[in-house]
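Q:
Protein chains in written order, with our numbering: chain A, -2 to 240; chain U, 12 to 209.
1. For a contact defined as C-beta to C-beta under 9 Å, what are the partners of residue 45 (chain A) on chain U?
2. Quick one: Cα of residue 184 (chain U) to Cα of residue 64 (chain A), how far?
3. Secondary structure at residue 168 (chain A), three-state DSSP: helix, strand or coil?
4. Going by the CB atoms, is the gap between residue 34 (chain A) and residue 69 (chain A) shorter than 8 Å?
5. Which residue comes first and which comes last in the alpha helix (DSSP H) that contains residue 19 (chain A)?
6. Between the stretch 12 to 28 of chain A and the stretch 97 to 114 of chain A, can you find at least three pairs of beta-carbon atoms closer than 8 Å?
7. Taking any Cβ of chain U, which residues in the stretch 186 to 197 of chain A have a Cβ under 7 Å from it, in chain order?
8. So, residue 212 (chain A) versus residue 135 (chain A), is the Cβ gap smaller than 8 Å?
9. Taking a Cβ distance cut-off of 8 Å, strictly less, list which residues of the stretch 206 to 237 of chain A are near chain U, in chain order.
10. If contacts are defined as beta-carbon pairs under 8 Å, then residue 56 (chain A) and residue 7 (chain A) qualify, I think. What distance do you get, rounded to the angstrom?
11. Residue 40 (chain U) and residue 28 (chain U) - do their beta-carbons sit closer together than 8 Å?
12. Check the Cβ of residue 30 (chain A) against every Cβ in chain U and list those closer than 9 Å, keeping chain order.
13. In the DSSP assignment, the beta strand (DSSP E) including residue 193 (chain U) goes from what residue to what residue?
14. Hey, how far is the Cα of residue 71 (chain U) from the Cα of residue 180 (chain U)?
15. Sorted by chain position, which residues of the same chain lie with C-beta nearer than 6 Å to residue 173 (chain A)'s C-beta, five sequence neighbours on each side aside?
16. Quick check on the burial criterion: 16 or more other C-beta atoms within 10 angstroms. Buried or exposed for residue 208 (chain A)?
17. Cβ of residue 114 (chain U) within 8 Å of Cβ of residue 138 (chain U)?
18. Closest Cβ-Cβ distance between residue 88 (chain A) and chain U: below 8 Å?
19. List, in chain order, every chain U residue whose beta-carbon is nearer than 7 Å to that of residue 241 (chain A).
20. Assign residue 308 (chain A) to buried or exposed, taking buried as 16 or more other Cβ atoms, counted over all protein chains shown, within 10 Å of its Cβ.
21. Give me the chain U residues within the contact set of residue 53 (chain A), using Cβ-Cβ distance strictly less than 8 Å, ordered along the chain.
22. Can you grab the Cα-Cα spacing for the pair residue 102 (chain A) / residue 48 (chain A), in whole Å?
23. Pop quiz: residue 58 (chain A) and residue 39 (chain A) are said to be a contact at Cβ under 8 Å. What is the actual Cβ separation, rounded to whole angstroms?
24. May I ask you to verify whether the stretch 220 to 229 of chain A touches the stretch 162 to 172 of chain U, counting CB pairs closer than 8 Å and requiring at least 3?
25. Can you say whether residue 186 (chain U) is buried or exposed, counting buried as having 16 or more other CB atoms within 10 angstroms of its CB?
26. Could you check what DSSP says for residue 239 (chain A) in three-state terms: helix, strand or coil?
27. Using a 10 Å radius around the Cβ and a threshold of 16 neighbouring Cβ atoms, would you call residue 54 (chain U) buried or exposed?
28. Which residues in chain U sit within 7 Å of residue 162 (chain A), going by Cβ to Cβ distance?
29. Looking at the strands, I want to know which residues DSSP matches up with residue 115 (chain U).
30. Around the Cβ of residue 26 (chain U), are there at least 16 other Cβ atoms within 10 angstroms (buried) or fewer (exposed)?
31. Would you check if there are 3 or more beta carbon pairs closer than 8 Å linking the stretch 182 to 194 of chain A to the stretch 75 to 91 of chain U?
32. Quick check on DSSP: helix, strand or coil for residue 217 (chain A)?
33. Just grab the DSSP bridge partners of residue 264 (chain U) for me.
34. Return the chain-ordered ranges of every beta strand (DSSP E) run that is complete within the stretch 56 to 137 of chain A and spans a minimum of 3 residues.
35. Excluding the 5 residues flanking residue 155 (chain U) on each side, which residues of the same chain have their C-beta closer than 6 Å to its C-beta?
36. Measure from the C-beta of residue 103 (chain U) to each C-beta in chain A and report whether the shortest distance is under 8 Å.
Rendered as structure tokens:
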């Protein structure tokens, strides 16, 4: 039996040309996780879907199908979209593409994903409205990792069970938590930064730097050796900008 | 009924063309065999010649028979202006309007990390080199008005941000003969932002 899904909130993560006039979409949805859809005729010259099926645009989508590849019946832009304009910096775009790539590579297919969806909506609107992309990216990464069950224990020392102290130094241990470390040792992070990471407080530049290291280590662990192209893209952008 | 091996081979080869499936390929093959053998031989020759001799222009990356394409070599074109487009067909589109007298740079795609297309694949280093060494005063970003095209344009604009070069982007607007009521909201929003005094 084919199932019809109507008015499902979602975002296009990626679209690939298929045959002459169609596209295959990877759609991130509120209740069905990431689904693959074929949008027939979406590339015809007069197709209204062309402008609708853009990445970063909140959509309400209808589809039918029971297999892995569903068929799109219709899609419209959720009304809130025109309130926030698209960003005007390469870094904000690259950061958005990074989030899309993370979801494409790491989110298991099919399962509901309400928490991640709401983190995604927040992250996209934050990225597009502020000049500071890092706090938005870190908040999304932490929420995403939490839902994947990949967040370490930020509160207690894994060895001793004592609370992490702001003035001491720690290092990550087996991606599961933190243990005391010498300040000079490799990968040592101040306890304050770890606590900030737990409370998602990224006002301090040092905390932002440490949070980036923590998120990157955890994400690399999830990726199991696969590379993230968007990360390379951001690196290149920064390299050019800062000589 | 099964065809002889040469015909099967021809039908299969024709299917590399975009939009051509089994049925159309069969029709094409039979048409060529029945009615237009000389045309088919000419096609075969042109295909071989083009595939063997067409390469990328070293200056603008578009397809060209020579190392530097005629457009880049043309000294009457204004080399102070550089128009950045995604594909050779975009270049043809701009050329066919006949208004632009500057030079081009063809990215051969847009940034798409999920497909593995990054700055290296679209020749960003080459573009920056060209801008740095040449007499370019204005870079016109004519990537497609998709989010990926927009991202690519902003990426390049960010890279050129510190230089004294004027970076412009093609305007978005309502098509000629269009109606406001049927225009996509995104286009309309852009058109409003880019309105001009009369």
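All C-beta atoms, glycine included, are put in the ideal place defined by N, C-alpha and C.
Computed from a predicted model, the values in this text were never measured in an experiment.
A: The structure says:
1. Reading the first chain from its first residue, position 48 is the one you call residue 45 (chain A). Neighbours of residue 45 (chain A) on chain U, chain order: 193 and 195.
2. If you number the second chain from 1, residue 184 (chain U) lands on position 173. If you number the first chain from 1, residue 64 (chain A) lands on position 67. If you take the alpha carbons of residue 184 (chain U) and residue 64 (chain A), they lie about 40 Å apart.
3. As a position in the first chain, residue 168 (chain A) is number 171, starting the count at 1. In the structure shown, residue 168 (chain A) sits in a strand (DSSP, three-state: E or B).
4. Locating residue 69 (chain A) in the first chain gives position 72, where the first residue counts as 1. Locating residue 34 (chain A) in the first chain gives position 37, where the first residue counts as 1. The answer is yes: Cβ separation under 8 Å.
5. For the purposes of this step, residue 19 (chain A) is identified with residue 22 of the first chain, where counting begins at 1. Taken as a continuous stretch (DSSP letters only), residue 19 (chain A) belongs to no alpha helix (DSSP H), being part of the beta strand (DSSP E) at 19 to 26.
6. As far as the Cβ criterion goes, the stretch 97 to 114 of chain A touches the stretch 12 to 28 of chain A, which means the pair count is three or higher.
7. Across the stretch 186 to 197 of chain A, no CB contact with chain U closer than 7 Å is found for any residue.
8. One-based indexing of the first chain puts residue 212 (chain A) at position 215. One-based indexing of the first chain puts residue 135 (chain A) at position 138. Going by C-beta atoms, residue 212 (chain A) is nearer than 8 Å to residue 135 (chain A).
9. Within the stretch 206 to 237 of chain A, 225, 226, 227, 229, 230, 233, 234 and 237 place their CB atoms closer than 8 Å to a CB of chain U, listed in sequence order.
10. What you label residue 56 (chain A) is simply residue 59 of the first chain in a count that begins at 1. What you label residue 7 (chain A) is simply residue 10 of the first chain in a count that begins at 1. With a Cβ gap of about 5 Å, residue 56 (chain A) and residue 7 (chain A) count as contacting.
11. As a first step, residue 28 (chain U) must be located in the second chain, where it is residue number 17. As a first step, residue 40 (chain U) must be located in the second chain, where it is residue number 29. No, they are not a contact pair.
12. Translated into positions along the first chain, residue 30 (chain A) becomes position 33. Under the 9 Å cutoff, chain U gives no residues; its nearest Cβ is about 17 Å from residue 30 (chain A).
13. For the purposes of this step, residue 193 (chain U) is identified with residue 182 of the second chain, where counting begins at 1. The continuous stretches of beta strand (DSSP E) do not include residue 193 (chain U), and DSSP gives it neither H nor E.
14. In the second chain, residue 71 (chain U) corresponds to position 60, counting from 1. In the second chain, residue 180 (chain U) corresponds to position 169, counting from 1. Their backbone Cα atoms lie some 19 Å apart in a straight line.
15. Position 176 of the first chain, counted from the start, is the residue given in the question as residue 173 (chain A). If we look at residue 173 (chain A) and ignore the five residues flanking it on each side, its Cβ neighbours are 149.
16. The count along the first chain starts at 1 and reaches residue 208 (chain A) at position 211. Residue 208 (chain A) comes out buried.
17. The sequence position of residue 114 (chain U) within the second chain is 103, counting from 1. The sequence position of residue 138 (chain U) within the second chain is 127, counting from 1. Going by beta carbons, residue 114 (chain U) and residue 138 (chain U) fall outside the 8 Å limit.
18. As a position in the first chain, residue 88 (chain A) is number 91, starting the count at 1. Interface with chain U (8 Å Cβ-Cβ cutoff): residue 88 (chain A) is included.
19. Because chain A in this structure spans residues -2 to 240, residue 241 (chain A) falls outside the shown range and cannot be described.
20. Not covered by the structure: residue 308 (chain A). The range shown for chain A is -2 to 240.
21. Locating residue 53 (chain A) in the first chain gives position 56, where the first residue counts as 1. 158, listed in chain order.
22. Along the first chain, read from residue 1 onward, the residue named residue 102 (chain A) stands at position 105. Along the first chain, read from residue 1 onward, the residue named residue 48 (chain A) stands at position 51. In this model, residue 102 (chain A) and residue 48 (chain A) are separated by some 25 Å (Cα to Cα).
23. Stepping through the first chain from its first residue, residue 58 (chain A) is reached at position 61. Stepping through the first chain from its first residue, residue 39 (chain A) is reached at position 42. Contact flag wrong, Cβ pair sits at about 12 Å.
24. Between the stretch 220 to 229 of chain A and the stretch 162 to 172 of chain U there are fewer than three inter-stretch CB-CB distances shorter than 8 Å, so the stretches are not counted as touching.
25. Counting from 1 along the second chain, the entry for residue 186 (chain U) is found at position 175. Around the beta carbon of residue 186 (chain U), fewer than 16 other beta carbons lie within 10 angstroms, which makes this residue exposed.
26. Translated into the one-based positions of the first chain, residue 239 (chain A) becomes position 242. In the structure shown, residue 239 (chain A) adopts coil according to DSSP, grouped into three states.
27. Residue mapping note: residue 54 (chain U) aligns to position 43 of the second chain, counting from 1. Counting Cβ neighbours within 10 Å, residue 54 (chain U) comes out exposed, since fewer than 16 surround it.
28. For the purposes of this step, residue 162 (chain A) is taken as residue 165 along the first chain, with counting starting at 1. Residues of chain U passing the Cβ test: none, with the nearest at roughly 39 Å.
29. Looking up residue 115 (chain U) in the second chain gives position 104. Paired residues: U:94.
30. Residue mapping note: residue 26 (chain U) aligns to position 15 of the second chain, counting from 1. Exposed, since its Cβ has fewer than 16 Cβ neighbours within 10 Å.
31. Taking 8 Å as the limit for Cβ pairs, the verdict is that the stretch 75 to 91 of chain U does not touch the stretch 182 to 194 of chain A.
32. For the purposes of this step, residue 217 (chain A) is identified with residue 220 of the first chain, where counting begins at 1. If DSSP states are grouped into helix, strand and coil, residue 217 (chain A) belongs with the helices.
33. Past the boundaries of the shown model lies residue 264 (chain U); chain U is included only from 12 to 209, so the question cannot be answered.
34. 56 to 61 and 66 to 74, all fully within the stretch 56 to 137 of chain A.
35. As a position in the second chain, residue 155 (chain U) is number 144, starting the count at 1. Result list for residue 155 (chain U): 97, in chain order.
36. What you label residue 103 (chain U) is simply residue 92 of the second chain in a count that begins at 1. Output row for residue 103 (chain U): interface = no.
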